[in-house]
Each structure stands twice: as C-alpha cells, then as structure tokens.
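Remarks on the structure that follows.
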Amino acid sequence: MSCPDTAGAGFFCAAKECWHACPGGRDRRRDRGELSVQTSPSIREKGKPLWREYLETVAGAVLLALFIMAFVARTFTVDGPSMLPTLHSGERLLVDKLTYRFREPQRGEIVVFRYPADPSHHFIKRIIGVPGDRVEIRGGRVYVNGVALSEPYVSSPTFGGRFTSGVVPEDHYFVLGDNRTNSQDSRSPLVGYVPRNMIVGRALLRFWPVQRAELFTAPQVAQAAE
1 MSCPDTAGAG
11 FFCAAKECWH
21 ACPGGRDRRR
31 DRGELSVQTS
41 PSIREKGKPL
51 WREYLETVAG
61 AVLLALFIMA
71 FVARTFTVDG
81 PSMLPTLHSG
91 ERLLVDKLTY
101 RFREPQRGEI
111 VVFRYPADPS
121 HHFIKRIIGV
131 PGDRVEIRGG
141 RVYVNGVALS
151 EPYVSSPTFG
161 GRFTSGVVPE
171 DHYFVLGDNR
181 TNSQDSRSPL
191 VGYVPRNMIV
201 GRALLRFWPV
211 QRAELFTAPQ
221 VAQAAE
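Just so we're aligned, residue 1 is where the sequence shown starts under the working numbering, counting upward by one.
This is the structure in structure tokens:
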C-alpha cells in the first residue's frame, strides 16, 4: 500500500498492524523495498531461566528411562555359574519385557524371573516345560511328553535329584540352568514350577563383553527321538 504524494499534508497508511507517517513525502524505506520485521522474544528473553530448561530436560529423560524399564526393557548382570557355558558371570544382558505382553513364553527361551522364595532376587534360566507338558528326568536326559530333548548347550548329564517327573501346571513353567550340575532351578522345591506372573522377560541381547555380543533370536531347544 503506497502513500499519496500530496504536498503539505500528513497521511497515515495502515498495513496490517504497522502504520507509516508520510508528512509531505514518501517513506523512503518503502520506496527502497525495505521492510522491518519484528521477532518474538525467545523463551529465555521472556524470563525462563537456563537452570529450568536443564531441569525439564533431565526430568523428561528420567521419566522416559523409568517408562522403558517398567514396560519395555531392562538390563541385568549375570551372577553365578548356573547358565554356563551359555552365559558367564559378569556378562550384561538386555531383557525384553514387552514381548510377553502379547504372547506366551516358549520352550527354549532364556528368561529372567523373580525368585519365588525371595522376589527381591532375580534368577535367569531356560524354559524347558510349558503349561501342560510332562517333564521327566532319567538316565541323565530330559524328556518332554515322552520325547528326549536335544540340548547342544548342555555340557554335562542332567540329574533330577528329588524331581523325577511331573506335569507343568497352568500358568507355570519348568526351568533349568544350562549348567545342570550347579543350578538351583525347577528341580529344587525352593524354585519349583515358576508362575507366569513372576517372569520379568526374556533375554534378548548379550551386549557385554562386546566380543561375546549375541542376539538371542529363537529357542535353542528341540525334541529328538532317542
């Protein structure tokens, strides 16, 4: 919008929220095509202190971490020899807590669960029997539904101790450590059949040490005829 070229008179020309006075002549800035731009003050210019920005960032990160730990995944450190030779003491694992919200645990998966005798402690074992399975230990081997298991991850015979055979109850699982001579697992009355609601999640990834990093993608147990 241009100002009328009228000598000796002052005119006001409105354009959006700005006005220009033209006392007896043109606004030379507009003739040159110059425009003034008014910017909104930044958050800090409005008075928001820097420490508050940092605090909000840290709080957001903490809330995100808590959400992930509660519903998605969590890290655990292997403590003890019960899963040798598959897992070594001191190795760090990423445990998937999300998958079992959509499907049931499967035979052969390595899982972390709360110790039934003391839920503040966590155990890590391999699922051998799922609900309805008949598990039997005899002659140094494990049988599920009458068929011997092929277990390449086990380096020693399996002996049942007090446990000889049994049917896994509904919503429970029969678990064993891969180190069959040194593992407190479902063969022990202190552990027994592990309730479904005590299982935290499945071992998804070994990320430490780096040279032994491994993604656990599928069950490593199969049934084989004698």
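We put the CB at the ideal spot given by N, CA and C, even for glycine.
By the Cβ test, the region 160-168 is not in contact with the region 205-214, since fewer than three Cβ pairs between them sit closer than 8 Å. With respect to ILE124, LEU87 sits close: the two C-beta atoms are nearer than 8 Å. Sequence-distant Cβ neighbours of ASP171 in its own chain, meaning closer than 7 Å and more than five residues away, are PRO131, PRO195, ARG196. Annotation: ALA117 is outside any beta strand (DSSP E) and is labelled neither H nor E by DSSP. Under DSSP, SER165 takes part in a beta bridge, and its partners are GLU136. At the C-beta level, SER155 and PRO85 come within 8 Å of one another. Beta-carbon to beta-carbon, VAL112 and GLY129 are separated by about 18 Å, too far to satisfy the 8 Å threshold.
Taking all protein chains in view, the Cβ of ASN179 is crowded by 16 or more other Cβ atoms within 10 Å, so the residue is classified as buried.
Ranked by Cα distance from MET198, the first of PRO119, ILE127, LEU205, ALA148 is PRO119.
Residue environment analysis places ARG126 among the buried positions, since at least 16 neighbouring C-beta atoms fall within 10 angstroms of its C-beta. Distance check between PHE207 and each of VAL78, LYS48, TYR54, LEU55 places VAL78 closest, using alpha-carbon atoms only. Under the three-state reduction of DSSP output, VAL194 falls in the strand class.
When ARG187, ARG74, PRO169 are compared, the shortest CA-CA separation from THR99 is found for ARG74.
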